[in-house]
Structure formats: C-alpha cells, structure tokens
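A.B. asks: Heads up: the sequence shown begins at 2 in UniProt numbering, then just goes up one per residue. Can you keep this structure in mind? I'll have questions shortly.
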Amino acid sequence: KTQNKNIEDYFTSSKPGSGLDLSKEEIKKSFLEKLFYGLGRIPTVATDNDYYSALALAVRDWVFRQYVRSLEEYAEQDSRGVAYLSAEYLPGPHLGNNLLNLSITKTTREALADLDLDLDKILEQEVEPGLGNGGLGRLASCYLDSMATLGVPSIGYGIRYEFGIFNQTLKDGWQAEVTDKWLHYGNPWEVVRPEIAFEVKFGGYTEHKYDSNNKLQVNWIPDSEIRGTAYDTPILGYRSNGIIMRLWSAEAIESFDFAAYNMGDYYRAVEKKMRSENITKVLYPNDENLSGKELRLKQQYFFVSCSLQDIIRLHLLQGRELENFHEKFNIQLNDTHPSIAVAELMRILVDIHQMEWDEAWHVTRHTFAYTNHTLLPEALEKWSVNLLGRLLPRHLEIIYEINSRFLNELRKQNFSTEQISRMSLIDDRGEPSIRMAHLATVGSHKVNGVSALHSRLLKSMVLQDFAELWPEKFTNVTNGVAHRRFLALSNPGLADLITRKIGKEWLTDLSALRNLEKFADDKSFQEEWRNIKFKNKERLTALIEERTGVKLDPSMLFDIHVKRIHEYKRQHLKVLHILSLYLRLKNGKGKDISPTSFIFGGKAAPGYFMAKRIIKLITAVADLINNDPEVNKKLKVVFLPNFSVKLAQQVYPAADLSEQISMAGKEASGTGNMKFSLNGALTIGTLDGANVEIREEVGEKNFFLFGLTTEEVQETKKAGYHPYRIYEQNNDLREVMDFLISGKLSKGDKELFRPIYDNLLQQDPYLLLKDYQSYIEAMDEVHKTWKDQNEWAKRSILNVINMGKFSSDRSISDYCEDIWKVETVKVV
Ligand code: AZC
C-alpha cells in the first residue's frame, strides 16, 4: 500500500481519465512518442515490427487506464472476487481486439494513414501467445474477455511458457513441429512485476511434532526451491473494465550456486539456474491425453502455489481474516490441471496459518469450484502416489487425510465397499495413483460440465457416485465464445451489415441479433449477406494459395473441418466422404455433387501416431484430387498448416459448412461449432456436446443432423460391435476403404495407410463405419440444399441470428449467478 500522501492526492484529484474514444491527434502523438522515446527509434530505421510495438505500447497505456479505474471501483465496492486458474490460455492477437474494445479502430486507421502507415499491415506483425492446446485454453481467454466486459472483479492466473504450442509445418505431407518463439521480438503487452514473486518448494520430507499446546505441527523440509515471478497482461472488456491475466515465470532463487562458482566450476554454477527455469520452458502439447510426466506436475504445482500465495496476499492486504477467505474469493479450477490447489490451500491454512483442520476444510471446499472438460478416460488426470509423494510429500499426506475422512463419511452413510473403492481419491488397482477429478470434486462446492449433454453424462458416468451423494453440487454451464473477437473483429463486413440494420446493441447483448429476423426472407438482404461471405472466401482463398500453393475457387462450397486432430473428432470420417465423392466422379456418377473445397486444419499431439497419420492421409488425398483434371473442377482439398487463433479469425468467416462430426458422447462441448454458426456457416453434426443446443436454437431445419445418439453408441458397443460386417454389407464403403490400401494414394505403397484401415476394420472405437452411411446421406442433402442459394442464405441468416445463447457473456453471467455469487461492477 502506498503511504505517499502526495501521490495519493494526485491520483484522487486527477482521477485516471477514460481510455476510450481517443481522438486522432491523441493517438498519433502517443504512437510517435512510443516509437521515438519508448523504443528509441528514428524514422529512417523503424521497421514494421517497431510500428507494431509502438502502437501496442500506446494502446497498453489506455488499457491500463481502464484497469486502474476498475480496481478503484472494486476497492470501493468491497466486491467478492474470482480467481480463474488455468494452465492454458489462447488469447490470440491483442492489438485489434483492444482497439475494438476502446472503440478506436477507425480513428487509429486514420491516424496511421496520416503517417503513411497501414493499420492492417501493422496488425499482421503480432505473434500470438500460443499458451494453450485448443478448446480449453481458448475458452479461458473468452472468459477473461467476458469477465472484463461484464465487470466481474477477477484475475486470470496461469503459466508464462517461454515456448508455447509448437508451430506446425508440413514436410512431404507429414506434420513437422517447429519451436514457437513467441517472445523473440519481445512482448509489448506484458509488464513484469518483480515485486510480486513467490517461492515454491519441491521434494524433501516432512517432520511431525507436537507443540507446547499439544497441537500437531507439520514442517515440510524441501530439497529445492524456486521463485515464480508475475508477468501481467491487461485484458480489456468492451468499452468497460480491464482485468489482469497474471502468468508466472520460474527462475532460480540464487542465480548462481556460489559454492560451485568459487571452486571455478562456472558451468555447474549456472546449471542449477537453468534447471529451475525449465519448469516454465514449454507447454505440453497434448490435448485430451495426459503425459504423466514429472515436469508437468511441477508446472501445475508451481503455478497453483504462486497463485494461491498471491490471492492470500491480496486478502490479507485488505486487513481480512483467513476464516472469511471463501466469502471474498472464488477460485475456479479450469479442469483438473490446477486441482492440486485443494491440497495446497489446506497446507497453507493448516500448516502455515495454524487453522484447525475442520475449519480449513470448510474454507477450502467453499472456495473452489471445478469445471470438467472431458469424459475421455485417457484424459482424466492421475498422478502416481510415488511421483506425487516424491515431489510434494506434504501434499500426499494431506490428500490421504482428506481421503480417509471422506471415506469414513461414506462408511457412516452405508455406502458399499465397491462404491467406496470407486469413489476413493486413491486408485489402488495397479500402481497406486491419485484421481485428480475426485480430489477436485470433493474439494469444491460446485462441479460443472460444459454443455447440457456433457453435464448430464458427467453425472451419469464419470462422477456418478458423487452426483448421487451431492446432487446439489452438480450443475451445467454451457460454453460460449467471445463474439466481439469472433464476429465484430474477424468478420467486419458482416458486423457492419448487422450494425447498419439493428444498431450496436448486439455487441453487448448477442441475443439482440434476433432483431434481424425480419430480414431472413428479404432477397436483397440475402444478396448482401452472400456477397459478404463471398468476399471473405476470396480473402481466405488468397491466404491459402500463399501458404499452400493450392488455388481454390471461392464460388465453391467451403466445407471446413478445423480443430485438434483426434480420432474421436473423426477427421478421417470426412476423408472417407471425400473419397466416396472422388470415386463417384471417377465412376461417372457424380452429377449431383456440388463443387466443393474441403479445408482442414489442426495440430496433432507430436506423439500421437494415428493423428499424425490422419494428417498424412489428408495431404495424400489432397495431392491426388487437386492434380487430377477429371475431378479437380468439382473437388479441391487442402490442409492449411498451423491452425491458431489468428488463422481461425480468417477461417470461420469464410465457411459455408461447419464439420462437427465427433462420435456422440465424446466432444464435451466444442466451441468452434459456435464460432462457425456465428459467422453464418451451416453445421453438419452429430448430437454431441453443444451441437445439441445449437440445433435447438437455430432450428432443426437449419442443421444437418446425422449419426448415432450417445445412447445408441452405448448400446452398439454393449451389443458387441463388428465393423467388418458393415464393410462387407456396404459396397460403396468397401470400395472407399479398399482404396486406402490400394497404393493409389501413396505412390504404390500399400502399407502407408494400413494402420488406419486395420484400425477401422478391426476396432473402429469411434464408430466411423457405423455412422458412415448416415453421414453420406446427410452430405448429399447438403449438396442438394447448396444448389438453392437463396435457401442456403436464409438458413445461414437464421443460424447467426439465433446465436445469442452462445456468447461467453452469457456463460460468465451463469457462472456469476449459479457458482460464484458475485455482483458485477462496470466502470462504463
Ligand atoms: C476441450 C473439449 O474437448 C471441448 O469439447 C470443449 O469445448 C473445450 O474443452 C472447452 O470446454 N478440452 C480440451 O481442450 N482439453 C484439453 C486438455 O486441452
């Protein structure tokens, strides 16, 4: 707290002014000052990247203004706050979004034009922070955007990975990974806060002693300690508050090991420092699959420990008692990645602040809430007791204590032995391990899934026993997306049309899009709508040609499948469909096919054999089709490398058809599905995740449905599934499957795609063959509908105007009401 009266007086009397709606002259002046005196550049040597950095620094000042104003307001209101704990964030480029939220995009463009600079070229310079894998990380960033916009007193905590998600390139059609050096040219958005730094312990052992009051004291004597330093990035809401994304970076406590140094061993002296800094070096590139690696657990504990120490510091700074901690703070666990926080908060309260166990447990359970993002068994985190005990010996004891008390409760309530062993935090079958989802569930007051279907399945499958024990604990919050970034910013043509017709209300209330309903049948409106889509497709066509050399025709149907590559997401089902069209054309039976460009994008986990082979399959099919003059007037296939938020912003606005074809019961929600619809794509999809709710909102007629339901999937598997029989019975499918191993896709190599072929014929765990026919028929319906362009435009309009539910503003309001019980405080 500052004790400096002069500074306080200055602050109070000059009250930070708004950062919004700046004038052209103000923008120009700040930009040039940052360029000259912030970066020390003279005009003759300034590069595009310097222009970008100068503008970013100027904008950051205005964003910080809004942040400071928000903090003042929160302090005055004594608000209850939210800490969002997430191991991943995918913010996307900041500059354009901040300009939008400050409402100065147009003025900035003019200011720069006066200086003969082009805003678009400058925006292009930004390297996005790839601090996440996919949906989960992007969701966290959408939520920060909405928390800022709605005025939720909040802070997002995470890890400042030095290397984010790898950059994907293609080599001979295979994915190749290249290190992501996002910090190479510096990062103008962050501010390092060396004074906000905490020490984090690892390893060693514990000592148990009774003090003079006969109270047990546990002392953890670690064998190493490292420091986490805060790096703050301000996140601005739309004409509203600013909040902070606080990312922790690891460093050695002593830069040098002086003992070694004095003995002349300089290298060994530096080695320890390097080893400590490894913790935040690199993001694990697995989505939906745990790595079980020690370094990963270290990353999790490291950021959790720093964050909790920071939250407690903030709480105590305000002169509060820890007994009321839960009344002032909600901590949201974004999946189980930060779930060690349950044990860590107990340790801090009991060991450090001497709170009684029962009271500490009360505080802990009322502080945390847990969001589950997956039902995939291979993605449910477990840590071996051995590893956890070695790295965090005190936490293991605490987890055992939580577990023993919990199991005793169950015994008192006459739960069966079987149920008790299912619910235990420790899995004793095989190598003993900790079930992190159970720890998170037991340690939280609310548990939510991310779509209606997923939340239901969570209760009936993965956490069934817990849902029976504590039905009131379980709830649903359907995911949402930051519609300002994914519509206003990335589809300016459409945004402009919408605003011209119904005003700007939709920017802060997406359900206002319903006011467009009266235009759905209006032919001239439909035509404008189509022209905008066409222009977006032209832009994407140019980008794809530049990146891949493949030239698409923007008048074709753009059929797009972008997301992480995973068998459950069934990119290979899309490939089977493409091959079926290819064979139809080759057999002279393709007259009903509407000319289509198939666009794929997404990264595969570097160690995921099948996913990588699926990428190779896509590129092989692309080579075959694009180079065959007999078919390439009607079909084009392209794999667009290195899918990212930046690319996504150009892809969604150009889509006609959105592929959401996971096997029912596997995709927890999906958020790409929402972004596509929001930009006027129609969806072909299964009844999985949020598809179910999207279909409800946009109307059955405006959604191409196919495939088994979750229940049918379960029945099919229970009855014993034999994919080979389907292959035998369906001639078209057989022809497509056999084509995979014909060598025609692989210069005669019949073995290249055999692993995919064998997997589908022998196991087919995601039921591609079972859903194949239904998918083909739905796709035929798509091609038929496309021929009526007015009808297509109408359905596209109906998709967009019914997207109100899927704004992340709505999701965050749900969290506020149902889980966090916080009041929002807006500064504008
Ligand atoms: C994803 C789910 O697969 C996706 O369905 C959901 O929309 C998204 O979370 C947000 O809730 N899960 C992940 O991305 N998981 C990891 C570990 O990356």
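Where a beta carbon is used, it is the ideal one built from N, C-alpha and C, also for glycine. Since the structure is predicted, the reported quantities are computational estimates derived from the model, not experimental observations.
#1: Residue ranges of each alpha helix (DSSP H) run of no fewer than 4 residues wholly in the segment 92-133, ordered along the chain?
#2: Check the DSSP bridge columns for proline 235 and list the partner residues they point to.
#3: Should valine 179 go down as buried or exposed, given a rule of 16 or more other Cβ atoms within 10 Å for buried?
#4: Taking the alpha-carbon positions, what's the asparagine 477 to leucine 584 distance?
#5: Among Lys282, Thr109 and Ile123, which one has its Cα closest to the Cα of tryptophan 183?
#6: How many Å lie between arginine 540 and aspartate 554 at the Cα?
#7: Suppose the cutoff is 8 Å on Cβ atoms and the five residues either side in sequence are ignored; what does the same chain contact list for tyrosine 38 look like?
#8: Consult DSSP for serine 422 and reduce its assignment to one of helix, strand or coil.
#9: Using the Cα positions of valine 646 and asparagine 5, report the straight-line distance between them to the nearest angstrom.
#10: Between the segment 112-121 and the segment 142-159, can you find at least three pairs of beta-carbon atoms closer than 8 Å?
#11: Would you mind sorting arginine 485 into buried or exposed? The rule is 16 or more other CB atoms within 10 Å of its CB.
#12: Tell me whether the beta-carbon of histidine 396 lies closer than 9 Å to the beta-carbon of arginine 366.
#13: Kindly list the residues whose CB is nearer than 7 Å to the CB of leucine 709, restricted to its own chain and excluding five residues on each side of it in sequence; keep chain order.
#14: Just to confirm my understanding: we take aspartate 689, look at its own chain, exclude 5 residues before and 5 after, and list those with CB closer than 6 Å. What are they?
#15: Contact defined as beta carbons within less than 8 Å: I believe alanine 88 pairs with isoleucine 820. What is the distance between those atoms, to the nearest angstrom?
#16: Candidates Ala57, Ile28 and Asn168: which alpha carbon is nearest aspartate 115's?
#17: Taking 9 Å as the threshold (C-beta atoms), are alanine 380 and aspartate 288 in contact?
#18: Give the secondary structure of proline 596 by DSSP, where H, G and I count as helix, E and B as strand, and everything else as coil.
#19: Which of the three DSSP states, helix, strand or coil, is assigned to isoleucine 326?
#20: Can you have a look at leucine 318 and say buried or exposed, based on whether 16 or more other CB atoms are within 10 angstroms of its CB?
#21: Please go through the same chain and pick out, in chain order, the residues whose beta-carbon is closer than 8 Å to the beta-carbon of tyrosine 722, but skip the five residues on each side of it.
#22: Ends of the alpha helix (DSSP H) at tyrosine 285?
#23: With distances taken Cα to Cα, identify the nearest neighbour of tyrosine 90 among Glu226, Pro286, Val351 and Pro596.
#24: Taking 8 Å as the cut-off, is the C-beta of threonine 109 nearer than that to any heavy atom in the ligand AZC?
#25: On a CA-only basis, which of Tyr609, Arg796, Leu100 and Ser581 is nearest glutamine 774? Give me that one, please.
#26: Going by alpha carbons, who is nearest to alanine 513 out of Lys613, Ile802, Ile626 and Leu137?
#27: Give the straight-line distance between the Cα atoms of phenylalanine 640 and lysine 822, rounded to the nearest whole angstrom.
#28: Applying the criterion that 16 or more other CB atoms from any shown protein chain within 10 Å of the CB defines a buried residue, is tryptophan 249 buried or exposed?
#29: Compare the beta carbon distance of phenylalanine 559 and lysine 676 with 9 Å and say whether it is the shorter of the two.
#30: Quick one: complete beta strand (DSSP E) runs, 3+ long, within the segment 370-422?
#31: Let's see if you can read the secondary structure: which residues bound the alpha helix (DSSP H) around threonine 549?
#32: Can you tell me where the beta strand (DSSP E) holding glycine 82 begins and where it ends?
#33: With respect to 8 Å, is the separation between the Cβ of arginine 391 and the closest non-hydrogen atom of the ligand AZC below this value?
#34: Under 8 Å: does the beta carbon of asparagine 134 sit that close to some heavy atom of the ligand AZC?
#35: How is aspartate 10 classed by DSSP in three states: helix, strand or coil?
#36: Would you kindly check if the distance between the Cβ of lysine 538 and the Cβ of leucine 586 is under 9 Å?
C.D. replies: So, from the data block:
#1: 96-103, 106-115 and 120-125
#2: Within the sequence shown, numbered from 1, the residue matching residue 235 stands at position 234. Its beta-bridge partners are Ile245.
#3: Here the question's residue 179 lines up with position 178 in the sequence shown. Classification of valine 179: exposed, given that the 10 Å Cβ count is below 16.
#4: Along the sequence shown, one-based indexing puts residue 477 at 476. Along the sequence shown, one-based indexing puts residue 584 at 583. The alpha-carbon atoms of asparagine 477 and leucine 584 are separated by roughly 44 Å.
#5: Counting from one through the sequence shown, the residue named residue 183 turns up at place 182. It is Lys282 whose Cα lies nearest to the Cα of tryptophan 183.
#6: Locating residue 540 in the sequence shown gives position 539, counting from the first residue. Locating residue 554 in the sequence shown gives position 553, counting from the first residue. Between the C-alpha atoms of arginine 540 and aspartate 554 there is a straight-line separation of about 11 Å.
#7: The residue labelled residue 38 in the question sits at position 37 within the sequence shown. Same-chain partners within the cutoff: there are none.
#8: Mapped onto the sequence shown, residue 422 falls at position 421. Of the three classes helix, strand and coil, the one that applies to serine 422 here is helix, per DSSP.
#9: Mapped onto the sequence shown, residue 646 falls at position 645. Mapped onto the sequence shown, residue 5 falls at position 4. Computed Cα separation, rounded: 43 Å.
#10: no
#11: Position 484 of the sequence shown, counting from 1, holds the residue named residue 485. It counts as buried.
#12: On the sequence shown, residue 396 is found 395 positions in, with the first residue counted as 1. On the sequence shown, residue 366 is found 365 positions in, with the first residue counted as 1. No, Cβ-Cβ distance for histidine 396 and arginine 366 is not below 9 Å.
#13: Looking up residue 709 in the sequence shown gives position 708. Closer than 7 Å at the Cβ level, and outside the excluded window around leucine 709, lie Ala665, Thr717, Leu768, Lys771 and Asp772.
#14: Working through the sequence shown from its first residue, we reach residue 689 at position 688. Excluding residues within five positions, the ones whose Cβ falls inside 6 Å are Ser663, Ala665 and Glu668.
#15: Taking the first residue of the sequence shown as 1, we reach residue 88 at position 87. Taking the first residue of the sequence shown as 1, we reach residue 820 at position 819. Contact doesn't hold; Cβ gap of about 20 Å is too wide.
#16: For the purposes of this step, residue 115 is identified with residue 114 of the sequence shown, where counting begins at 1. For aspartate 115, the nearest C-alpha among the options comes from Ile28.
#17: As a position in the sequence shown, residue 288 is number 287, starting the count at 1. As a position in the sequence shown, residue 380 is number 379, starting the count at 1. In contact: aspartate 288 and alanine 380 (Cβ atoms closer than 9 Å).
#18: Along the sequence shown, one-based indexing puts residue 596 at 595. Three-state DSSP puts proline 596 in coil, outside helix and strand.
#19: Here residue 326 is taken as the residue at index 325 of the sequence shown, counted from 1. In the sequence as presented, isoleucine is not what sits at residue 326; that position holds phenylalanine. In this structure, phenylalanine 326 counts as helix in the three-state DSSP scheme.
#20: In the sequence shown, the residue the question calls residue 318 occupies position 317. Classification for leucine 318: exposed.
#21: The residue given as residue 722 occupies position 721 in the sequence shown. Same-chain partners within the cutoff: Asp765, Leu768 and Lys771.
#22: Within the sequence shown, residue 285 is the residue found at index 284, counting from 1. From DSSP, tyrosine 285 is part of no alpha helix (DSSP H); its letter is neither H nor E.
#23: For the purposes of this step, residue 90 is taken as the residue at position 89 of the sequence shown. Per the Cα distances, Pro286.
#24: In the sequence shown, counting from the first residue as 1, residue 109 sits at position 108. Not so, every heavy atom of the ligand AZC lies at least 8 Å from the Cβ.
#25: Sequence index remark: in the sequence shown, residue 774 carries index 773 (1-based). The option with the nearest alpha carbon to glutamine 774 is Ser581.
#26: Numbered from its first residue, the sequence shown carries residue 513 at position 512. Nearest C-alpha to alanine 513: Ile802.
#27: Within the sequence shown, the letter at position 639 stands for residue 640. Within the sequence shown, the letter at position 821 stands for residue 822. Each residue's Cα considered, the two are about 45 Å apart.
#28: As a first step, residue 249 must be located in the sequence shown, where it is residue number 248. Looking at its Cβ environment, which holds 16 or more other Cβ atoms inside 10 Å, tryptophan 249 is buried.
#29: Here residue 559 corresponds to residue number 558 of the sequence shown, with the count starting at 1. Here residue 676 corresponds to residue number 675 of the sequence shown, with the count starting at 1. In this structure, phenylalanine 559 keeps its C-beta atom at 9 Å or more from the C-beta atom of lysine 676.
#30: Within the segment 370-422, the complete beta strand (DSSP E) runs of at least 3 residues are 383-385.
#31: As a first step, residue 549 is located in the sequence shown; it is residue number 548 there, counting from the start. Taken as a continuous stretch (DSSP letters only), the alpha helix (DSSP H) holding threonine 549 covers 524-549.
#32: Position 81 of the sequence shown, counted from the first residue, corresponds to residue 82. Where glycine 82 is concerned, the enclosing beta strand (DSSP E) stretches over 82-86.
#33: Locating residue 391 in the sequence shown gives position 390, counting from the first residue. Arginine 391: no, Cβ never under 8 Å from the ligand AZC.
#34: Counting from 1 along the sequence shown, the entry for residue 134 is found at position 133. At least one heavy atom of the ligand AZC is nearer than 8 Å to the Cβ of asparagine 134, so yes.
#35: Locating residue 10 in the sequence shown gives position 9, where the first residue counts as 1. Reduced to three states, the DSSP call for aspartate 10 is helix.
#36: In the sequence shown, residue 586 corresponds to position 585, counting from 1. In the sequence shown, residue 538 corresponds to position 537, counting from 1. No, the Cβ-Cβ distance between leucine 586 and lysine 538 is not below 9 Å.
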